[in-house]
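Those protein sequences? They're chains F and E, same order as listed.
Numbering (my numbering) for the first sequence: -7 to 235.
Numbering (my numbering) for the second sequence: 60 to 514.
C-beta: ideal position from N, C-alpha, C; glycine also.
Predicted model only: the values in this text are computed from it and were never measured.
Step one of this worksheet: look at the structure below.
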Amino acid sequence: MKKKLITIFAILLFPLTVAAGGGGVALDPVNINLNDKESLQKGARTFVNYCLSCHSAGYMRYNRMGQDLGISEELVAENLLFAAEKTGDLMKAVMPAADAKKWFGTAPPDLTLTARSRGPKWIYTYMRSFYRDESAPSGWNNKVFAHVAMPHVLYEWQGEQRPIIEKDSHGVEHITGFEIAKAGTMTEKEYNEAMRDLTNFMVYLAEPAKLVRYKIGLYVILFLIIFMVAAYMLKKEYWKDVH
Amino acid sequence: MQKVFDAMLGWVDARFPLIKTWEEHLSKYYAPKNFNFWYYFGSLALLVLVIQIVSGIFLTMHYKPDTQLAFASVEYIMRDVPWGWLMRYLHSTGASFFFITVYLHMLRGIMYGSYRGPRELLWLIGMAIFIALMAEAFMGYLLPWGNMSYWGAQVIISLFSAIPFGIGDILSEWIRGDFVVSDATLNRFFAFHVIAVPLALCGLVFVHIVALHKVGSNNPDGIEIKKNKGPDGLPVDGIPFHPYYTVKDIVGVAGFLIIFAAVIFFAPELGGWFLEHDNFTPANILQTPPEIVPLWYFTPYYSLLRATTEEMVTKGLLPLTIVMTILTVISVRNVLAKMAAVGIGSVVVVCLFIFEAKLWGVILMGLGVGLFAFLPWLDMSPVKSIRYKGWMFKTALIIFCIDFLVLGWLGTQPASGPNVILAQIGTILYLLFFFLMPWYTTFDKTKPVPERVTQ
Ligand code: HEM
């Protein structure tokens, strides 16, 4: 019986996992843990310092981020406020969208919800898959986002990558991996760790409620189970005399 | 205290049929005592209706029906409104659970023959509820103004333009209030979603219950309990709805809420099935999502639509029409009916040649929903419940359920390669479940129905 149930469950869940995938390129798994406050803070620092110059996170407020991540209002005001005046402001991009569009050909999209539209794996892989491509206008290309208009802004950290290209049986070229052509200030492990923090932060950014909803959910379900037991006992009592 | 209460009750009761209503619909409303698991879903649908209305009211307090503001206002609800995220997830998850409960509620009706006399009208009212519910969900999905909201509405509304003689274009323009989905569309959808359709739904649900209580509930044995009354004039197999079924339904409510809460708190997107990934980017007129896919509860009908290619019309629908016409002519005795069958059959055949496949796709999609309304007259079995029906009905229903799920799954996938032919086979099977029902319910070998309900 138990086995049967598990099988049924597995069949039911199968389409869920397939629907969540998609896209051509294999994405690297990333360890998301919103309880890791330190990781979220590091990610926030990277995000505010390196990404908000071009991108906005226009549905998020600085002070909300500060409260959620345990960063004091003063610290937010001193260290993180670039494109805004008040800590209650939304995270706007430093560069006006029109200018960005002129320079890059595409306006950098808002990043608040990217972790929900693209998924954390995609972001993590994307940030680690820039490579040198002299034919591209910015000099950079990306394995998961071909002909991307965004230059590799963290290139000083990661260094310069060159793709390892192999032909498959149909003669189509695939990027199977990268080799470092010019070393950056970080080792590969450090860079991966930094990108994991950044992705972790962007998952939080996409849905701040995620910090609380699991915990509340546990209590709600616990209450409901007790309620159900009580309701069942009541029903049993009433139904004693129905034959 | 008791005295004051009695006096108040007496005062109200002298002016309003309070006690009479209570007794007629609850404490002295007799329901069969053998309701099983499947009988929870009516009261659960009622619960979801209440959840949708209450959470919807809170969302409306902060939502802005304006193409420039809508998407941001939803994110504002998710972040800056206290408990706003909970209201939104209650509402978005509630929409999917509404369809889960209603689909299971309908499946119960099909299994136990609840649509058969004297409950045909009850079933038809249910159909009206079902269509209103679809309209409600479709228009609600445009409101967050995500990219899938936009393109989904664009695709579905433009389907109307398949209607020939220039009517279609006028109609779809009239629905949108513009040449494309725009601010005018968003505003009118908002009006329909928050007041017009919910009002109709509440009215219909009220009438649904009134009709149910007039004829009484069916049960898993498909036996009329009113035919077997005791000396006190009460059905011997009946028990008062209150307290017996009120306490039982509370257990169902608790079980339902556990699953509901699990989704809301642990997986509100349900891997893209309840909230689609592409809807987390704002509507963009210049960028279609890679695959335009409606939410899961519409995908079976969407599959019927996409399966109807030019080839499907000539190699699928045409032979189907001819075979059904011949079968009908052979089977009916009345000469007039024979002539009517030939007449209708030939008109359909001629139309199949005249009109393009796109129109037939829309027609099939409509049939996919609407054919359920004919069940009371398609089912000719001498027994109601599946418990006493033979292997033919059971097999047909199992195939239909699997077919419904497969079509639903295919509707979320790209319509290319083997998916197309699979959806076309699924479409034919879907139609055959209804079209052949008069035959397989007539020839099926049924079991004798007992006098009294079984436990
Ligand atoms: C908002 C949606 C709906 C609500 C709130 C609702 C509510 C209810 C309730 C409370 C009952 C009595 C309890 C039960 O038998 O489970 C019932 C019975 C019934 N409903 Fe619905 N219903 C809805 C939609 C539908 C639909 C879409 C159909 C079919 C097209 C339908 C057909 C029936 C039938 C045939 C019965 C009698 C079942 C029997 O006696 O075996 N209902 N409904």
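Taking the beta carbon of Phe219 of chain F as reference, the chain E residues within 7 Å of it are Ala313, listed in sequence order. Assignment of Thr368 of chain E by DSSP, reduced to helix, strand and coil, places it in the coil class. For the pair of segments examined, the region 203 to 220 of chain E was found to touch the region 329 to 338 of chain E: the number of CB pairs separated by less than 8 Å reaches three. Scanning its chain for C-beta atoms nearer than 7 Å, with the 5 sequence neighbours on each side dropped, one finds around Tyr209 of chain E the residues Val240 and Ala342, in chain order. Within chain E, not a single residue places a beta-carbon under 9 Å from that of Ala76 of chain F; the smallest gap is close to 16 Å. In the structure shown, the three-state DSSP call for Thr168 of chain F is strand. Contact with chain E is found for Ile213 of chain F, since one of that chain's Cβ atoms lies less than 8 Å from the residue's Cβ. The criterion of a C-beta distance shorter than 8 Å is not satisfied by Thr38 of chain F and Asn55 of chain F.
In the DSSP secondary-structure assignment, Glu158 of chain F is bridged to F:His166.
Per DSSP, reduced to three states, the secondary structure at Trp332 of chain E is coil, with no helix or strand assignment. Taking a cut-off of 8 Å on C-beta distances, the region 395 to 406 of chain E does not touch the region 356 to 365 of chain E, as fewer than three cross pairs fall below it. Counting only the Cα atoms, Tyr123 of chain F lies some 56 Å from Leu377 of chain E. Contact annotation: in the region 286 to 316 of chain E, residues whose CB is within less than 7 Å of a CB in chain F are Ile298, Pro302, Tyr303, Val306, Lys307, Ile309, Val310, Ala313, Gly314 and Leu316. Contact between the region 342 to 356 of chain E and the region 63 to 73 of chain E is absent: fewer than three C-beta pairs spanning the two stretches fall below 8 Å.
Within the same chain, Thr79 come within 7 Å of Ala69 of chain F by CB-CB distance, once the 5 residues on both sides are set aside. At least one beta carbon of chain E lies nearer than 8 Å to the beta carbon of Val234 of chain F. Distances from the alpha-carbon of Ser121 of chain F to those of F:Val136, F:Ser127 and F:Pro129 put F:Val136 closest. Chain-ordered listing is empty here: chain E has no CB closer than 7 Å to the CB of Lys181 of chain F, the nearest sitting near 30 Å. With fewer than 16 other Cβ atoms from the protein chains shown falling within 10 Å of its own Cβ, Ile116 of chain E counts as exposed. Annotated three-state conformation of Tyr123 of chain F is strand, per DSSP. Looking at the DSSP output, Tyr89 of chain E shares a beta bridge with E:Pro299. Of all residues in the region 44 to 66 of chain F, only Gly50, Tyr51, Met52, Arg53 and Arg56 come within less than 8 Å of chain E when Cβ atoms are compared, listed by chain position. For the region 170 to 203 of chain F, residues whose beta-carbon sits nearer than 8 Å to a beta-carbon of chain E comprise Ala198, Glu199, Pro200 and Ala201.
With a beta-carbon spacing of about 7 Å, His267 of chain E and Leu181 of chain E fall inside the 8 Å limit used to define contacts. Against Met137 of chain E, the close residues of chain F are Tyr51, Glu199, Pro200 and Ala201, in the order they occur along the chain (beta-carbon pairs closer than 9 Å).
Within chain E, the residues placing a beta-carbon under 7 Å from that of Ile208 of chain F are Phe324, ordered along the chain. Neighbours of Asp337 of chain E in chain F, taken as residues at a C-beta separation under 7 Å, are given in chain order as Ser109. Less than 8 Å divides the Cβ of Arg53 of chain F from the Cβ of Leu82 of chain F. DSSP places Asn133 of chain F in the uninterrupted beta strand (DSSP E) bounded by Trp132 to Asn134. The DSSP-derived three-state label of Tyr51 of chain F is strand. Close CB contacts of Gly101 of chain E within its chain, under the 7 Å cut and outside five residues either way in sequence, are with His164 (chain order). Close to chain F, meaning a Cβ-Cβ distance shorter than 7 Å, are the following residues of the region 92 to 103 of chain E: Lys92. In the DSSP assignment, Lys417 of chain E falls within the unbroken alpha helix (DSSP H) covering Ala416 to Gly429.
Rounded to the nearest whole angstrom, the C-alpha separation of Asp189 of chain F and Phe463 of chain E is 43 Å. Glu126 of chain F counts as exposed, since fewer than 16 other C-beta atoms from the protein chains shown sit within 10 angstroms of its C-beta. Annotation for Ile159 of chain E: no residue places its beta carbon closer than 6 Å to its own, counting only its chain and skipping 5 residues before and after.
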